[in-house]
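Report on the following structure.
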Amino acid sequence: MGRKRQLLLNIPVLAGIDYRGSARTVDASGVGKIIQSGRNQMSEDGSSTLVAEPVVRQSPKQKKDQRPKKQPRYQVILWDDDDHSYEYVILMMRQVFGHPISEGIQIAKTVDSVGRCVCLTTTREHAELKRDQIHAFGRDFLISRCVGSMSATIEAIE
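Going by numbering that gives the first Met the number 0, 68 is the number at position 69 of the sequence shown; the sequence numbering is gapless.
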């Protein structure tokens with residue numbers, strides 16, 4: 000009768016210890032819940048004792064810290080000079096970056112009018128690779144006074 004009264008009052012009743020050593024309760028709905036998880040420990044006299052093991056739960060702040068951090072972004076900047084033609088810039092943008100001809104034309108116009116142009120925004124390693132590819136692209140054979148490739152730098156985005 001005591002057990003039924005406790006169930007009617009919606010007070011959990013200890014239902015027993017399962018084979019894994021977890022103590023369980025039963026509420027008024029009859030649903031079992033684990034209230035203590037642990038392991039059985041045998042004493043010298045042969046009696047069994049339930050030893051509680053701590054349940055480690057992470058707070059929401061800890062879960063946010065586990066997300067991979069975004070890598071900082073860098074811009075590859077092409078600088079203007081008078082020793083390279085529009086055709087050279089368009090061809091370089093096509094071969095190095097894979098830009099379509101229309102975007103190559105726009106970059107060539109921006110470099111000529113403003114003095115610099117952002118060609119790509121990416122991770123640091125990729126930006127360094129593209130900068131080095133610009134430097135290694137070679138001279139412009141359409142202009143006789145050209146002795147080397149165009150200048151490019153990378154800048155971090157703040």
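In this text, a Cβ means the ideal position worked out from N, Cα and C, and glycines have one as well.
CA-to-CA distance, residue j to residue i, given in whole angstroms
{"i": "Gln94", "j": "Pro71", "result": "26 Å"}
{"i": "Ile106", "j": "Asp79", "result": "11 Å"}
{"i": "Ile89", "j": "Ile156", "result": "25 Å"}
{"i": "Thr168", "j": "Leu119", "result": "The structure shown does not extend to residue 168, since the chain is modelled only from 0 through 157, so no value can be given for it."}
{"i": "Ile151", "j": "Gln65", "result": "What sits at residue 151 in the sequence shown is Ala, not Ile. Rounded to whole angstroms, Ala151 to Gln65 spans 36 Å at the Cα level."}
{"i": "Lys68", "j": "Arg123", "result": "14 Å"}
{"i": "Ser84", "j": "Leu141", "result": "7 Å"}
{"i": "His134", "j": "Ile104", "result": "20 Å"}
{"i": "Ser148", "j": "Phe136", "result": "6 Å"}
{"i": "Ala126", "j": "Arg115", "result": "16 Å"}
{"i": "Leu77", "j": "Thr121", "result": "15 Å"}
{"i": "Tyr87", "j": "Gly97", "result": "14 Å"}
{"i": "Ser112", "j": "Leu128", "result": "26 Å"}
{"i": "Ser101", "j": "Asp81", "result": "21 Å"}
{"i": "Val146", "j": "Val117", "result": "23 Å"}
Reduced DSSP secondary structure (H/G/I, E/B, other) of residue i
{"i": "Thr109", "result": "helix"}
{"i": "Val88", "result": "helix"}
{"i": "Glu154", "result": "strand"}
{"i": "Gln70", "result": "coil"}
{"i": "Val117", "result": "strand"}
{"i": "Val95", "result": "helix"}
{"i": "Ile142", "result": "coil"}
Beta-carbon separation (whole angstroms), residue i vs residue j, contact threshold 8 Å
{"i": "Arg130", "j": "Val75", "result": "6 Å"}
Cβ-based neighbour list, residue i, same chain, cut-off 8 Å, excluding 5 preceding and 5 following
{"i": "Glu154", "result": "Tyr73, Gln74 and Ile76"}
{"i": "Pro99", "result": "Arg93"}
Sequence-distant residues of the same chain with beta carbon closer than 6 Å to residue i, five excluded per side
{"i": "Tyr91", "result": "Correcting the residue identity first, residue 91 is Met in this sequence and not Tyr. If we look at Met91 and ignore the five residues flanking it on each side, its Cβ neighbours are Phe136."}
{"i": "Gln132", "result": "Val95"}
Own chain residues within Cβ distance below 7 Å of residue i, not counting five before or after
{"i": "Asp139", "result": "Asp82, His83, Ser84, Tyr87 and Cys145"}
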